[in-house]
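Enquirer:
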Amino acid sequence: MRILPGTSSTELGLNIASNLKIPLLELEFKYFVSGESYLRINGSVENQEIIVIQNTSPPQEKNLMELLLIASTLNELGAIR
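Just so you know, we're using the working numbering here: the sequence shown kicks off at 311 and counts up by one.
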């Protein structure tokens, strides 16, 4: 099991990982001027349970889209939950 905080919840993710003593994954997320986005998860997630921590408060459209992209990427990389 690992914790993956989104960009809107980095500090919360660090605190939860520290308190529960669960390894933390790093997320690299970039937005380009063209509107495209880049997502990279630094670490192996294949056959791992991943807890995603992402705030969906304003700006909701940005934070929710990031959450959906994280979930889709984890699925593609073989995370089991």
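Even for Gly, the Cβ is constructed at its ideal location relative to N, Cα and C.
Keep in mind that this is a model prediction, so the values were computed, not measured.
Determine the contact status of G323 and N357, defining contact as a CB-CB distance below 8 Å.
Expert: no
Enquirer: Check whether the region 349 to 365 touches the region 321 to 336, taking contact to mean three or more Cβ pairs, one atom from each stretch, closer than 8 Å.
Expert: yes
Enquirer: DSSP state of L387, grouped into three classes?
Expert: In the displayed model, L387 falls within coil according to three-state DSSP, outside both helix and strand.
Enquirer: Relative to the C-alpha of N385, which candidate in P369, T366, I361 has its C-alpha closest?
Expert: I361
Enquirer: Which partner residues does P315 have in the DSSP bridge list?
Expert: I363
Enquirer: If you reduce the DSSP assignment to three classes, tell me which class K372 lands in.
Expert: DSSP places K372 in helix when its eight states are reduced to three.
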